[in-house]
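Positions 934 to 1510 (our numbering) are the ones given, in order, by the sequence shown. Using N, Cα and C, we set each Cβ at its ideal position, and we do this for glycine too. Worksheet: the structure to be examined is printed underneath.
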Amino acid sequence: MAQDAAANDVDWEKAEGVPSLSDPFIQKYLTGRDALVEQEKKQRSDRVFRENLSPMAAEACAIVDQIRFEEQQTLWTKEYEDSLDNEHVDVFPGMMFSLAKDRMEKSKLWKIVSKMPKGALLHCHLEAMVDLDWALEEAFTLPGVCITSRGPLSSPEARLKTAFSFTYSKTVAKDDVSVWAETYAANTPILLTAAADSFSDGGRKGFIEWIRSRVTITSDEHLRHHEGPNEAWRKFMSCFPILGSLIYYEPIYRKFIRRLCKQLLDDGVNYVDMRSAFYTPYRCAEQGEWDKDSFNMLAHMEDEIDAFKASEEGKSFWGGRMIWTTIRAFDKRAVIESMKQCIEMKLEFPDLIAGYDLVGQEDLGRSLADLAPELFWFRKKCAESGVDIPFFFHAGETLGDGDSVDENLFDAIVLGTRRIGHGFSLYKHPLLIDMVKEKRILVESCPVSNEVLRLCGSIMSHPLPALLARGVPCSLCNDDPTILGQGAMGMSHDFWQALQGWHNLGLAGLGSLAENSVRWASFEDYTAKEWVQDLKDGTMGKGIRAQRLKEWIGQWEKFCAWIVDEFGVDENLDPAE
């Protein structure tokens, strides 16, 4: 019957005069059309990387293309959609992160991406890189760790909104005081174990889940796009003081830094540029007062990174540095004081401090134009102090178009930023795109973060493919995994989302993004001229960047060989499928 129907269709087409795909003029059209597609792809930022793939890497990329195609047909199905038990959810490859997370972690692509050498993590915020379950278990075992609240947490609404934090007290709290009671006096320290065990909804286990709900943008919160970005940002910003108060106590902090390095290395990340606002106070174990500056925090960070690199398990870790950040909503006096401290700490820790940035919601914070007097003052004071602290600005993390927030991109570029954090609105600016390419400025793209904070509905509507198509150098970053719901400190979730969501990318595109991260990492101090020249030289240079690029290429080739060995080769494989 099927053959008869096909024959009838052919007869009908001939009778109607419909041309066949095999007709010469249709073939000529398709040839010209394909040439146009290839012409556009030559402008992509990953073109050179693709053209230089080894035979082994090219084979691995073809295998991953096939796996991706197969999983789109089998993993993202109507049956899975029904299992979500949500009539408003449509399943598709690259769907909303919080709904796709469990499914993606069961896929072959996840296994592949998890083992991928990802190079360097260039954009993350230290307070949001916490393995929460581990950190709480550490806190439970330490004497004197307490919880304190601005008011009683006696009702569901209070537990949802009242500010609280972790602290340390040598004075044991009275047994008859409970943070869950209406009689609780604001800011009274309550022993953490007592507060957790007396939690009314499930004891310690319920307490941990409550903490998680306060330091994570939940799936439900993520999907409320009708509320707009500002509401998501309010929750987002409320998480940082809680997480900071948990980790900025020396016995936990030292272990946290070591553990973070290990978790990153296990995910294929060899180097990290971290950011911290230096807002939450730090406390040493033997001191009775909180630190007045960040000296001990940075000293302990440097100690633990060095110790991890010197260990057997950390010998392949390249290290980490700190980009000093100031909250952009601060007034002039607070910004200047933060800048002074940055210069002081650069003099104390020249190998650890890599640069300067301003953080916080751009839409509600001060613009870079408004901050220009402080930024020029900072440059002058750096020169007087004999230090060079380059800019790595957040810019364009907004839905705005032509407003003062969107125009932060202009200021960031003119002020000489070496990388742009997020750059979400950059695709709207053709002139700036040309300038970014000319000046060799990399965009630190954070797709999961942009989605969860409601700048886009899913990875499918993220603007990064537009930047890649226009030749803009970019890398992938995880930004704030504790808060955003990744549940792991590495970058595999962002890499997986990009691989599954963007057909033009593929494994080769992911490889190019990872190589970019190594090329633009701030392994050591460079003058502006040295920075650009080192980027141009790449593997042909003589410094640490060239060495790291060569090491990453070796890791990439081994990874591609593993893919070929693990998933086999289909002689009839058609990468175009």
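| query | result |
| --- | --- |
| What residue does the beta strand (DSSP E) around Y1204 start on, and which one ends it? | V1202 to S1209 |
| At 4 residues or longer, what runs of the alpha helix (DSSP H) sit wholly inside the segment 1122-1205? | 1125-1130, 1136-1148, 1152-1155, 1161-1180 and 1183-1199 |
| Could you tell me the boundaries of the alpha helix (DSSP H) in which L1075 lies? | Where L1075 is concerned, there is no enclosing alpha helix (DSSP H), given that its DSSP letter is neither H nor E. |
| Taking 7 Å as the cut-off, is the C-beta of S1408 nearer than that to any heavy atom in the ligand MG? | Within the structure as shown, the ligand MG is missing, as the structure has no ligands at all. |
| Just checking my contact of S1047 with S1382 at CB under 8 Å: how many whole Å lie between their CB atoms? | Not really, about 20 Å apart at Cβ, beyond 8 Å. |
| With DSSP as the reference, label T1258 as helix, strand or coil. | strand |
| Tell me whether C1389 sits in a helix, a strand or coil according to DSSP, three-state version. | coil |
| Grouping DSSP H, G and I as helix and E and B as strand, with all else coil, what is A1212? | For the sequence presented, residue 1212 should be read as Tyr rather than Ala. Coil at Y1212, not helix or strand. |
| If I'm right that A1061 touches T1415 with Cβ under 8 Å, what's the distance once you round it to whole angstroms? | 5 Å |
| Do the segment 1192-1209 and the segment 1251-1262 touch if we need at least three Cβ pairs shorter than 8 Å? | yes |
| Kindly indicate which three-state DSSP category E1330 falls into: helix, strand or coil? | coil |
| Quick check on DSSP: helix, strand or coil for H1436? | coil |
| Using a 10 Å radius around the Cβ and a threshold of 16 neighbouring Cβ atoms, would you call G1335 buried or exposed? | exposed |
| So, using beta-carbon positions, are V951 and H1155 closer together than 8 Å? | no |
| Which residue comes first and which comes last in the alpha helix (DSSP H) that contains H1056? | Segment G1052 to H1058 is the beta strand (DSSP E) holding H1056; no alpha helix (DSSP H) there. |
| Within 10 Å of its beta-carbon, does N1449 have 16 or more other beta-carbons around it, so buried, or fewer, so exposed? | buried |
| Specify the secondary structure class of I1374 as computed by DSSP and reduced to three states. | coil |
| Have a look at E1510 and I1374 and give me their C-alpha separation to the nearest angstrom. | Note on E1510: pLDDT 45, under 50, position unreliable in the model; no value is reported. |
| Under 8 Å: do the segment 1038-1058 and the segment 1484-1493 share three or more Cβ pairs, one atom per stretch? | yes |
| Give me the residue from W1043, E1307, I1286 and D1284 with the minimum Cα distance to A1267. | E1307 |
| Identify the residues that DSSP records as bridge partners of L1409: which are they? | S1378 |
| Is it right to say E1020 is buried, meaning 16 or more other beta carbons lie within 10 angstroms of its own, or is it exposed? | Summary for E1020: the model assigns pLDDT 48, below 50, so the residue's position carries little reliability; its value from the coordinates is reported in the next sentence. It is exposed - the Cβ of E1020 has fewer than 16 other Cβ atoms within 10 Å. |
| I need the boundaries of the alpha helix (DSSP H) containing A1461, first residue and last residue. | A1461 to D1470 |
| Less than 8 Å between the CB atoms is what I'm expecting for M1230 and Y1215, so what's the real figure, rounded? | 4 Å |
| What does a CB cutoff of less than 7 Å around D1467 pick up in its chain, not counting 5 residues either side in sequence? | Y1459, G1474, G1476 and R1478 |
| My output table needs one value for A1114: the three-state DSSP class, helix, strand or coil. | coil |
| Give me the Cα-Cα distance between S1300 and A1345, rounded to the nearest whole angstrom. | 10 Å |
| So what's H1355 in DSSP terms, helix, strand or just coil? | strand |
| Please report how far the alpha carbon of C994 lies from the alpha carbon of L963, in whole angstroms. | 25 Å |
| Buried or exposed, going by whether 16 or more other CB atoms sit within 10 Å of the CB of G1501? | exposed |
| Could you check the C-alpha separation between S1098 and E1142 for me, to the nearest Å? | 16 Å |
| Answer yes or no: do A1118 and I1080 have a C-beta to C-beta separation smaller than 8 Å? | no |
| With DSSP as the reference, identify every bridge partner of V1292, one or two as the case may be. | I1260 |
| Using DSSP's beta-bridge definition, name the partner residues of G1252. | Y1204 |
| At the level of alpha carbons, what is the spacing between A1302 and P1184? | 41 Å |
| Quick check: what's the CA-CA separation for I1366 versus Q972? | 19 Å |
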